[in-house]
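Just so you know, we're using my numbering here: the sequence shown kicks off at 66 and counts up by one.
Below is one structure, written out as structure tokens, with a few remarks after it.
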Amino acid sequence: MVYRLYVEKEKEFSNESQSLLNDINNFLQISNLKDVRIINRYDVENIDKDLFEYTKATVFSEPQIDRIYTEELPDFKSNTVFAVEYLPGQFDQRADSAQQCIQIISRGIRPIVKTAKIYVLYGNLEEKEILKIKNYVINPVECREASLEKLSTLEHECNNPKDILEIEGFIDLPKNELKEFISENGLAMDIEDLSLCQDYFRKEKRNPTFTEIKVVDTYWSDHCRHTTFSTIIDSVTFEDQNIEPVYNEYVDMRKQIGISKPVTLMDIGTIVCKYLKNTGKLNTLDESDEINACTVKIDVEVNGKKQPWLLLFKNETHNHPTEIEPFGGAATCIGGAIRDPLSGRSYVYAAMRLTGASDPLKPVNATIKGKLPQKKIVSSAAIGYSSYGNQIGIATGIVDEIYHQGYEAKHMEIGAVIAAAPAENVYRESPKEGDVVVLIGGRTGRDGCGGATGSSKSHDSKSLETCGAEVQKGNAPEERKIQRFFRNIEVCKMIKKCNDFGAGGVAVAIGEIAEGLEINLDVIPKKYEGLNGTELAISESQERMAVVISEKDVNRFESMAYQENLEATAVAKVISSPYLKMVWNKKEIVNISREFLNSNGSKKHISVIAEKSLPYKKDISGSFTSLYKNLADDLNICSKKGLSEQFDSTIGSGTVLM
């Protein structure tokens, strides 16, 4: 049986409703709207009546500030009532938290919870105004309008996913059909990359499976291989003579330390560190085969005694996801930044947030077609980032937003964190044949499928409607469990190597952890049934870690994870053959050589012209009064108190001030 519950904040505490009313009146300029009510709807199944009654006031509501309506939708005395729910497959943290809380109370099976938001509008509204409001609150990337009718069951039918087959005729495709193949399959690679794939599989004397093409596309995406920064610069012409001496200094550094590989932006960006290391001035840099955050060796005084520690830094951008789904994009920006040092077995102490946006005060009708309004992006992204940081318990210090017209094309979202760990907690060893890869943390769903390739592609006005599955969904409480788990020194001593799940999912997070791997996709814990092998391989569902441990330690490791309410599952074995292999439905759907994956596709070449740039001069003509008015009117010097107050700088009492 499905039980239904409606929960609404008392008028004095209905901040969300009042904020939406203000946005609609002032931003959408719909003055006919007089009031808005927002009600959370919960449908619950696989729960007995007594337990449901008990959870009304303990899980689903706060009796002091909430009103509860049960079963039937109340008569709101309004002509305009509609519901909004997450798209199928999107992670719903509100529902997930409710399910976990009920299971903790019952100590039984986990029930099914489905949520929706009911919007009640009051006023003499026209149809076009109602549609305008709906378009403002419903982002098609993450949610849709829901039925007001009660469901007979929350169980959804899952069609058995079809077998993953070879792509017939792939190795024989003529070059003029490759472009169409890329478009039809939503690939991020270009024709030269696809031609390289053809050559590889011709040598293998077989056609690839669809999963293999998607895995290669993920590995070779700009997000994973940094195509832009790894493009070979064949020649540089200088129109600006001020830049040439600096470039010559870079060339001289290369000669001094014996770098012979081609010139790239990546090499230009990292040359100083390479030079300092080569000349003995970076002795405190900690280096390993793990791909974690930048790590520095330091001494820390603990109770009067000096101890060797590791200090880790990480910054991450989530510009594309935040542009199309602001809350989830910004939340997983801080989540991803945390996971890199966390995979280095360190504890993240603090964060900061820097963002760039266009003018959020522009009216909605000034929005570029196919994009979300700037105000929607700015406000939702701030809520998403702060929500994640506050939930996981990380103090956020600097919070600043830069307003400039240049950010209208794409929002900039940067998260940066600092972390540390006692050096004795971090044990590293190269994986060897027979070692086991254990997946810990969140379950796998369709959220984040193709995120790496999605952020590497060109986008147009249709992207908002077609890229929904690419946006990851954050689950801060799950990552908090991993934080606690990795503070246990016994756990850390079992881990030979660790990789966080970011871009590319299983294919990259596990695929990069050793030269040879055999991954069993059949045992990967799923959020729901119906996922096929390709989705399991490339889904970027969040809050997961891959760790390599000895086979003898698996049972102990899994039992210790259980104590933190974490799922831990052995999903892969290290093999001697340098191939990435994946099995699904007991059939091998991926078998690609490590050498081919590591080739990073076709080499890109470019010639560069360093254009002459005029020195920046600010226009200071005009009277003192007019200049001062212009300054006061600049959003960049306005008070950002409202923005910074969304972030908790005191949580955990870990800052110097605290």
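Note that CB positions come from ideal geometry on N, CA and C, so glycine has one too.
Treat the numbers as computed from the prediction; the structure is a model and nothing was measured.
Does the beta-carbon distance from V443 to P386 come in below 9 Å?
Looking up residue 443 in the sequence shown gives position 378. Looking up residue 386 in the sequence shown gives position 321. Result no, Cβ atoms of V443 and P386 do not sit closer than 9 Å.
Going by beta carbon distance, what residues of the same chain come within less than 7 Å of S411, once the five residues before and after it are set aside?
If you number the sequence shown from 1, residue 411 lands on position 346. L375, L377, A484, A485, A486.
According to the Cβ coordinates, are A416 and Q439 closer than 9 Å?
What you label residue 416 is simply residue 351 of the sequence shown in a count that begins at 1. What you label residue 439 is simply residue 374 of the sequence shown in a count that begins at 1. No, the Cβ-Cβ distance between A416 and Q439 is not below 9 Å.
Would you decide whether S526 is buried or exposed? Buried here means 16 or more other CB atoms lie within 10 Å of its CB.
Translated into the one-based positions of the sequence shown, residue 526 becomes position 461. Caution applies to S526, whose pLDDT of 43 falls short of 50 and renders its modelled position unreliable; the model cannot decide the point.
Quick check on I690: buried or exposed, where buried means 16 or more other Cβ atoms within 10 Å of its Cβ?
Reading the sequence shown from its first residue, position 625 is the one you call residue 690. Per the sequence presented here, residue 690 reads as Thr, with Ile not at that position. Result: exposed.
Roughly how many angstroms lie between the CA atoms of L350 and G570, to the nearest whole one?
Position 285 of the sequence shown, counting from 1, holds the residue named residue 350. Position 505 of the sequence shown, counting from 1, holds the residue named residue 570. If you take the alpha carbons of L350 and G570, they lie about 28 Å apart.
Which partner residues of E110 appear in the DSSP bridge assignment?
In the sequence shown, counting from the first residue as 1, residue 110 sits at position 45. BP columns for E110 point to I177.
Any idea if N348 is buried or exposed, counting beta-carbon neighbours within 10 angstroms, 16 or more meaning buried?
Counted from its first residue, the sequence shown places residue 348 at position 283. N348 should be labelled exposed.
Which class does Q129 belong to by DSSP, given the choice of helix, strand or coil?
In the sequence shown, residue 129 corresponds to position 64, counting from 1. Coil.
Please tell me whether Y151 and A675 are closer than 9 Å, where the distance is taken between their beta carbons.
The residue given as residue 151 occupies position 86 in the sequence shown. The residue given as residue 675 occupies position 610 in the sequence shown. No, these two residues do not count as a Cβ contact at 9 Å.
Measuring only the C-alpha atoms, how far is K199 from Q263?
Taking the first residue of the sequence shown as 1, we reach residue 199 at position 134. Taking the first residue of the sequence shown as 1, we reach residue 263 at position 198. The alpha-carbon atoms of K199 and Q263 are separated by roughly 47 Å.
May I have the straight-line CA-CA distance separating L238 from I654, to the nearest angstrom?
For this step, residue 238 is matched to residue 173 along the sequence shown. For this step, residue 654 is matched to residue 589 along the sequence shown. Cα to Cα, L238 sits roughly 21 Å from I654.
My output table needs one value for P226: the three-state DSSP class, helix, strand or coil.
Taking the first residue of the sequence shown as 1, we reach residue 226 at position 161. In this structure, P226 counts as coil in the three-state DSSP scheme.
Ignore the nearest five residues each way along the sequence and tell me which others in V612's own chain have a CB closer than 6 Å to its CB.
Here residue 612 refers to the residue found at position 547 of the sequence shown. V503, I560, C563.
Which runs of the beta strand (DSSP E) spanning at least 3 residues fall entirely within the region 564-648, listed in chain order?
Taking only runs of at least 3 residues, the beta strand (DSSP E) segments lying wholly in the region 564-648 are 582-585, 609-614, 633-639.
Excluding sequence positions up to five away, which residues of its chain have a Cβ less than 6 Å from the Cβ of R106?
Along the sequence shown, one-based indexing puts residue 106 at 41. Same-chain partners within the cutoff: Y71, A181, I183.
Looking at A460 and I716, is the spacing between their C-beta atoms short of 9 Å?
Position 651 of the sequence shown, counting from 1, holds the residue named residue 716. Position 395 of the sequence shown, counting from 1, holds the residue named residue 460. Their beta carbons are under 9 Å apart, which means I716 touches A460 by this criterion.
Kindly list the residues whose CB is nearer than 7 Å to the CB of S353, restricted to its own chain and excluding five residues on each side of it in sequence; keep chain order.
Numbered from 1 along the sequence shown, position 288 holds the residue referred to as residue 353. Cβ neighbours of S353 beyond the five flanking positions: R493.
Would you list, in sequence order, the uninterrupted beta strand (DSSP E) runs of no fewer than 3 residues that lie entirely inside the region 468-511?
The qualifying runs are 477-487, 501-506.
How big is the Cα-Cα spacing for G458 and A396?
Taking the sequence shown and counting its residues from 1, the one referred to as residue 458 is at position 393. Taking the sequence shown and counting its residues from 1, the one referred to as residue 396 is at position 331. Roughly 13 Å separates the two Cα atoms.
What number of angstroms, rounded off, separates the C-alpha of V337 from the C-alpha of C166?
The residue given as residue 337 occupies position 272 in the sequence shown. The residue given as residue 166 occupies position 101 in the sequence shown. Looking at the two C-alpha atoms, the distance is approximately 51 Å.
Hey, could you find the ends of the alpha helix (DSSP H) Y68 is sitting in?
Locating residue 68 in the sequence shown gives position 3, where the first residue counts as 1. Note, Y68: premise wrong, no alpha helix (DSSP H); beta strand (DSSP E) at 68-74.
Measure the Cβ-Cβ separation of I584 and A541 and say whether it is below 9 Å.
Translated into positions along the sequence shown, residue 584 becomes position 519. Translated into positions along the sequence shown, residue 541 becomes position 476. No, the pair does not count as a contact, with Cβ atoms beyond the cut-off.
Using CA atoms only, rank isn't needed, just tell me which of K193, N111, N87, P128 is closest to V101.
Within the sequence shown, residue 101 is the residue found at index 36, counting from 1. Residue N87 is the option with its Cα nearest to V101.
The alpha helix (DSSP H) with R319 in it runs from where to where?
Locating residue 319 in the sequence shown gives position 254, counting from the first residue. Here the alpha helix (DSSP H) through R319 covers 309-322.
Three or more C-beta pairs closer than 8 Å, one from the region 584-598 and one from the region 209-229: is that the case here?
Yes, they touch.
Assuming the contact rule is C-beta atoms closer than 8 Å, G480 and E381 should be a hit. Round their C-beta distance to whole Å, please.
If you number the sequence shown from 1, residue 480 lands on position 415. If you number the sequence shown from 1, residue 381 lands on position 316. Indeed they touch by this definition, with Cβ atoms about 5 Å apart.
With 16 other CB atoms within 10 Å as the buried threshold, where does L722 fall?
Your numbering for residue 722 matches position 657 in the sequence shown. Label assigned to L722: exposed.
Please report the distance separating the alpha-carbon of E81 from that of N430.
Here residue 81 is taken as the residue at index 16 of the sequence shown, counted from 1. Here residue 430 is taken as the residue at index 365 of the sequence shown, counted from 1. Going from the Cα of E81 to the Cα of N430 covers about 23 Å.
Whole-angstrom Cβ separation of G771 and T720, contact assumed at under 8 Å?
Outside the shown range of the chain, which is 66 to 723, sits residue 771, and nothing can be said about it.
Within a Cβ cutoff of 8 Å, which residues of the same chain sit near E269, ignoring the five residues on either side of it in sequence?
Indexing the sequence shown from 1 puts residue 269 at position 204. Same-chain partners within the cutoff: there are none.
Would you mind sorting Y450 into buried or exposed? The rule is 16 or more other CB atoms within 10 Å of its CB.
For the purposes of this step, residue 450 is taken as residue 385 along the sequence shown, with counting starting at 1. Flag for Y450 reads buried.
Looking at C-beta atoms only, is the number of pairs between the region 253-261 and the region 280-290 that lie closer than 8 Å three or more?
As far as the Cβ criterion goes, the region 253-261 touches the region 280-290, which means the pair count is three or higher.
Taking Cβ positions, are A163 and V149 nearer each other than 9 Å?
Here residue 163 refers to the residue found at position 98 when the sequence shown is read from its first residue. Here residue 149 refers to the residue found at position 84 when the sequence shown is read from its first residue. Taking 9 Å as the Cβ cut-off, A163 and V149 do not qualify as a contacting pair.
Is it the case that the Cβ atoms of D405 and D565 are separated by a distance below 9 Å?
Stepping through the sequence shown from its first residue, residue 405 is reached at position 340. Stepping through the sequence shown from its first residue, residue 565 is reached at position 500. Yes. Within cutoff.
Might you give, ordered along the chain, the residues of its own chain that have their beta carbon closer than 8 Å to the beta carbon of K240, omitting 5 neighbours on each side?
By one-based count along the sequence shown, residue 240 stands at place 175. These residues qualify, in order along the chain: I256, S260.
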